[in-house]
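Since the structure comes first, as structure tokens, the remarks are kept for the end.
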Amino acid sequence: MDYDTYGSNAVELAIDLANADRDDPQWVQVFLDAHVEWFTDGTPLGLTAPDAGSVERTATLVRDVALADSEPEVMARLNALLDLASPKPYATAHDGDLHLHYARPDADAVEQLTTTVAMGLSQVVVQHGWQRLGVCAAEGCGHVYVDTSRNASRRYCSNTCASRSTVAAYRARQRT
Ligand SMILES: [Zn+2]
Ligand SMILES: [Zn+2]
11 MDYDTYGSNA
21 VELAIDLANA
31 DRDDPQWVQV
41 FLDAHVEWFT
51 DGTPLGLTAP
61 DAGSVERTAT
71 LVRDVALADS
81 EPEVMARLNA
91 LLDLASPKPY
101 ATAHDGDLHL
111 HYARPDADAV
121 EQLTTTVAMG
131 LSQVVVQHGW
141 QRLGVCAAEG
151 CGHVYVDTSR
161 NASRRYCSNT
171 CASRSTVAAY
181 RARQRT
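Counting with the numbering used here, you get residues 11 to 186 for the letters of the sequence shown.
Written as structure tokens, this is what we have:
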């Protein structure tokens, strides 16, 4: 599967956000601090409680898109997510490679994040199909993923989950 690097990175950002561990009440702040490279230099990353709530809503919507199991459902949820985005694309070469950014460089952190993940996710769905997003088949995992394999055969969020499940299936066969 071949899609542009920034677009593919933006969808990975969306997946990271959807899979963020929300047990820590400060998880939104932890997430932003771990992804500073996504924000224009100087963007204030200290969020108010309502802003953190907006990020949480975005995370839930991304997850909902990945969990949807029909095309109409994926499209409806994707459009709910896009409703929150304020795209203002611009071309840049700031890191040496020509690419598009989706959000205004002077937007606040919530707008930059929401717009980037909504556009990244949408690009993958409309270019490669709604089946490209899924939820990990490993027992007790629940992480979502984007399937970039050539034949769209992915079932697990990570190699760890894939091998854990292979071992579990092997043991289950041995017991019977
Ligand atoms: Zn960039
Ligand atoms: Zn998993």
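Heads up, the beta-carbon is just placed ideally off N, CA and C, and yes, glycines get one too.
Subject >> Own chain residues within Cβ distance below 6 angstroms of Ala78, not counting five before or after >> reply: For the purposes of this step, residue 78 is taken as the residue at position 68 of the sequence shown. The answer, listed in chain order, is Val84, Arg87.
Original post:
Looking at C-beta atoms only, is the number of pairs between the region 34–43 and the region 92–103 that lie closer than 8 angstroms three or more?
Top reply: no
Original post:
With 16 as the cutoff for other CB atoms within 10 Å, does Asp130 come out buried or exposed?
Top reply: Translated into the one-based positions of the sequence shown, residue 130 becomes position 120. It should be pointed out that residue 130 corresponds to Gly in this sequence rather than to Asp. Under this definition Gly130 is a buried residue.
Subject >> Extent of the continuous beta strand (DSSP E) run through Tyr112 >> reply: Counted from its first residue, the sequence shown places residue 112 at position 102. That run of the beta strand (DSSP E) goes 109–113.
Subject >> Which of helix, strand or coil DSSP assigns to Leu57 >> reply: In the sequence shown, residue 57 corresponds to position 47, counting from 1. Coil at Leu57, not helix or strand.
Original post:
Within 7 angstroms: the Cβ of Ser168 and any heavy atom of ligand 2?
Top reply: Looking up residue 168 in the sequence shown gives position 158. Yes; taking the cut-off as 7 angstroms, the Cβ of Ser168 has a heavy atom of ligand 2 nearer than that.
Original post:
Is there at least one non-hydrogen atom of ligand 1 closer than 7 angstroms to the beta-carbon of Asp105?
Top reply: On the sequence shown, position 95 is the one that residue 105 refers to. Yes, the beta carbon of Asp105 sits closer than 7 angstroms to at least one heavy atom of ligand 1.
Original post:
How big is the Cα-Cα spacing for Tyr16 and His109?
Top reply: For the purposes of this step, residue 16 is taken as the residue at position 6 of the sequence shown. For the purposes of this step, residue 109 is taken as the residue at position 99 of the sequence shown. Low confidence applies here, because Tyr16 scores a pLDDT of 48, under 50, leaving its location unreliable and the question unanswered by this model.
Subject >> Candidates Arg165, Phe41, Gln141: closest to Gly152 by CA position >> reply: By one-based count along the sequence shown, residue 152 stands at place 142. For Gly152, the nearest C-alpha among the options comes from Arg165.
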